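Undergrad: Mind having a look at this structure? Questions to follow.
Protein chains in written order, with this note's numbering: chain X, 13 to 191; chain Y, 456 to 807.
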């Protein structure tokens, strides 16, 4: 029995909802039970956005995550808001280009990924979210890494299919990142 | 088994409504249910249906009233403050004994309140809202799959009993995505000899109306209506029981609260507390028999709600106060954590 609770948080526009959607679809394609719950409050209208994704091999109870196994933080306010809620033994993956702070906790694994810089250098500045998501897949093994293209094709509309290559590449970069 | 797709709860309602034969949607946007209208705006023109954004909630419910009088399947959707505006129309629809389908994806109140999830329209949905003696069938989905299945059920029940069926959901279930598979919708067909379809000179006029100035006639209408409601109360209550076989304590929760409560029940069982869950799926008719039976078995009840304690009154009525009922709640758009519910279960087990 395995259940992974993933909390993704950042500014509106950084793609946390999209990255969460990708993880949810990944679970769907792999015949898992999944839930995806976005923040839809005033905070997402120009402020912070977050989403709760649960991947499980048993039916999902509450879709609301109070103690995430994995936190993906894309800005400092999100890190500060959620880092203490991460389950002991869990993982925090943060964008170290945008967040200079260090996490003091010793009971969680912290991955400092310069995702925004890596994305910029690779020529797809908006895909830091997917680099971090690739790292999350590596660290949590919440779903099989294989089949990213197939997953993206299930929910990216045909007219945006040209973005699939870059998304796959970004996921791979995150997956391969050591640190 | 049909293919699984990921969908938001609100979209699942819209898709299911279309599959149930609804071809007329009238609404006015409000968070957190706007995806229903957006979905309808995209789909209805392609299938020969009507999507109409009215000038107000009041206009949209009266468009529902008018369209429903012709016997077609018709719906509107809104969120709490918008439903308050629609209640006059709901009363008229009830007084005219015609079927309608209405969705309330609740947000925190009263007043303009907030936009986060809530269950504080329980009283409004189950006890009336509008004026006069009337009932609505109130369905409370707890998953995206149920958003769809209860929508189809709601259209069928509305036609069967000539009354409004309401989906009482909340912002969480409306906004979240879960896998869902659409089986073939079981659409029940009922004769509608009362419908305003044009006489073609072959039959007397039908009249759809809620005005009866002679009190004796109005009284007869009310008594007839309540005979029908009695059949609904007899035949249509729906509920789910979870770990109730040997339960000594019973959590009662619907919608999103029941999802949180289920986590807490599992955690309490791990601590050795014999607790179960009854989840009302129909809030009206309330699953009175299930609660009454549980009252013979358990030591106490815990009502978990996203409001200041509304369903708790129906639990006390159903069980005739034979066992204590405590409240575990958050309000204003907040959601109780599984830990809060677990603590309430522990307190109940300690007899506090």
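We treat Cβ as the ideally placed atom computed from N, Cα and C, and that holds for glycine. Remember, it's a predicted structure, so these values are computed and weren't measured experimentally.
For residue 486 of chain Y, decide whether its Cβ has a neighbour in chain X, counting only Cβ atoms nearer than 9 Å.
TA: Yes, its Cβ sits closer than 9 Å to a Cβ of chain X.
Undergrad: So residue 67 of chain X and residue 107 of chain X are supposed to be a Cβ contact under 8 Å. How far apart are they, rounded?
TA: Their Cβ separation, rounded to whole angstroms, is 22 Å, which puts residue 67 of chain X and residue 107 of chain X out of contact at 8 Å.
Undergrad: At which residue ranges does the segment 493-574 of chain Y contain complete beta strand (DSSP E) runs of 3 or more residues, listed in the order of the chain?
TA: Whole beta strand (DSSP E) segments, 3+ residues: 505-508, 529-533, 555-561.
Undergrad: Quick check on residue 642 of chain Y: does DSSP put it in helix, strand or coil?
TA: Residue 642 of chain Y falls in the coil class under three-state DSSP.
Undergrad: Would the beta-carbon of residue 18 of chain X fall within 9 Å of that of residue 72 of chain X?
TA: Cβ atoms of residue 18 of chain X and residue 72 of chain X: not closer than 9 Å.
Undergrad: Alpha carbon to alpha carbon, what distance is there between residue 584 of chain Y and residue 539 of chain Y?
TA: Going from the Cα of residue 539 of chain Y to the Cα of residue 584 of chain Y covers about 7 Å.
Undergrad: Sorted by chain position, which residues of the same chain lie with C-beta nearer than 7 Å to residue 601 of chain Y's C-beta, five sequence neighbours on each side aside?
TA: For residue 601 of chain Y, where only same-chain residues beyond five positions count, there are no Cβ hits under 7 Å.
Undergrad: For the alpha helix (DSSP H) containing residue 605 of chain Y, name the first residue and the last one.
TA: Here the alpha helix (DSSP H) through residue 605 of chain Y covers 599-616.
Undergrad: Give me whichever residues DSSP pairs with residue 784 of chain Y in a beta bridge.
TA: For residue 784 of chain Y, which the question treats as bridged, DSSP gives the partners Y:760.
Undergrad: With residue 620 of chain Y as the anchor, note down where its alpha helix (DSSP H) starts and where it stops.
TA: Residue 620 of chain Y -> not in any alpha helix (DSSP H); beta strand (DSSP E) instead, spanning 619-625.
Undergrad: Give the C-beta separation of residue 809 of chain Y and residue 781 of chain Y to the nearest angstrom, bearing in mind that I take them to be a contact with Cβ-Cβ under 8 Å.
TA: No answer is possible for residue 809 of chain Y: it lies beyond the span of chain Y, which begins at 456 and ends at 807.
Undergrad: Shorter than 9 Å from the beta carbon of residue 72 of chain X to some beta carbon of chain Y?
TA: True, the Cβ-Cβ gap to chain Y drops below 9 Å.
Undergrad: What residues in the segment 127-157 of chain X bring their beta carbon closer than 8 Å to a beta carbon of chain Y?
TA: Within the segment 127-157 of chain X, no residue qualifies.
Undergrad: Compare the C-alpha of residue 679 of chain Y against each of Y:586, Y:786, Y:549, Y:648 and name the closest.
TA: Checked all of Y:586, Y:786, Y:549, Y:648; the closest Cα to residue 679 of chain Y is Y:549.
Undergrad: Determine the direct distance from the alpha carbon of residue 700 of chain Y to that of residue 530 of chain Y, and round the result to whole angstroms.
TA: Distance between the alpha carbons of residue 530 of chain Y and residue 700 of chain Y is about 39 Å.
Undergrad: What runs of the beta strand (DSSP E), each 3 residues or longer, lie entirely inside the segment 670-709 of chain Y?
TA: For the segment 670-709 of chain Y, whole beta strand (DSSP E) runs of length 3 or above, ordered along the chain, are 694-697, 704-707.
Undergrad: If the cut-off is 8 Å on Cβ atoms, which residues from the segment 28-41 of chain X count as contacting chain Y, listed in chain order?
TA: Residues passing the 8 Å Cβ filter: 33, 36, 37, 40.
Undergrad: Take every Cβ of the segment 760-776 of chain Y, pair it with every Cβ of the segment 733-745 of chain Y, and state whether three or more of those distances are shorter than 8 Å.
TA: With a cut-off of 8 Å, the segment 733-745 of chain Y and the segment 760-776 of chain Y count as touching, because enough Cβ pairs lie within range.
Undergrad: Along the chain, where does the beta strand (DSSP E) containing residue 794 of chain Y start, and where does it finish?
TA: Where residue 794 of chain Y is concerned, there is no enclosing beta strand (DSSP E), although the alpha helix (DSSP H) it sits in stretches over 793-804.
Undergrad: How would you label residue 97 of chain X, buried or exposed, when you count the other beta carbons within 10 angstroms and need 16 or more for buried?
TA: Classification for residue 97 of chain X: exposed.
Undergrad: According to DSSP, simplified to helix, strand and coil, what is residue 42 of chain X?
TA: The answer is coil: DSSP assigns residue 42 of chain X none of H, G, I, E or B.
Undergrad: Of all the options Y:484, Y:525, Y:493, which has the alpha carbon lying nearest to the alpha carbon of residue 512 of chain Y?
TA: Considering only alpha carbons, the answer is Y:484.
Undergrad: Just to confirm the assignment, what range does the beta strand (DSSP E) spanning residue 635 of chain Y have?
TA: Element bounds for residue 635 of chain Y: 632-635.
Undergrad: Give a yes or no on whether the C-beta atoms belonging to residue 766 of chain Y and residue 738 of chain Y are separated by under 9 Å.
TA: Yes; because the gap between Cβ atoms is below 9 Å, this pair is in contact.
Undergrad: Could you give the distance in angstroms between the alpha-carbon of residue 523 of chain Y and the alpha-carbon of residue 724 of chain Y?
TA: When rounded, the distance between both Cα atoms is 48 Å.
Undergrad: Please state the DSSP three-state secondary structure of residue 110 of chain X.
TA: Here residue 110 of chain X sits in coil by DSSP.
Undergrad: Residue 78 of chain X touches chain Y at which residues, Cβ-Cβ below 9 Å?
TA: The contacting residues are 792, 793, 794.
Undergrad: Can you find a CB in chain X that lies within less than 9 Å of the CB of residue 558 of chain Y?
TA: Chain X contact via Cβ: absent.
Undergrad: Using a 10 Å radius around the Cβ and a threshold of 16 neighbouring Cβ atoms, would you call residue 34 of chain X buried or exposed?
TA: When all chains shown are included, residue 34 of chain X counts as buried.
Undergrad: When the cut-off is 9 Å and only beta carbons count, does residue 25 of chain X lie next to chain Y?
TA: It does not; no Cβ of chain Y falls within 9 Å.
Undergrad: What residues from chain X crowd round residue 497 of chain Y, counting only those whose CB sits closer than 8 Å?
TA: Residues of chain X passing the Cβ test: none, with the nearest at roughly 13 Å.
Undergrad: Looking at C-alpha atoms only, which residue of Y:625, Y:663, Y:796, Y:615 is the closest neighbour of residue 652 of chain Y?
TA: It is Y:663.
Undergrad: For residue 46 of chain X, which residues in chain Y fall below 9 Å Cβ to Cβ?
TA: The contacting residues are 461, 632, 633, 634.
Undergrad: In the structure shown, what three-state DSSP assignment does residue 86 of chain X receive?
TA: Residue 86 of chain X falls in the coil class under three-state DSSP.
Undergrad: Given a limit of 7 Å on CB to CB distance, which residues of the segment 557-580 of chain Y reach chain X?
TA: The segment 557-580 of chain Y vs chain X, Cβ under 7 Å: 570, 571.
Undergrad: To the nearest angstrom, report how far apart residue 692 of chain Y and residue 87 of chain X are at their CA atoms.
TA: About 48 Å.
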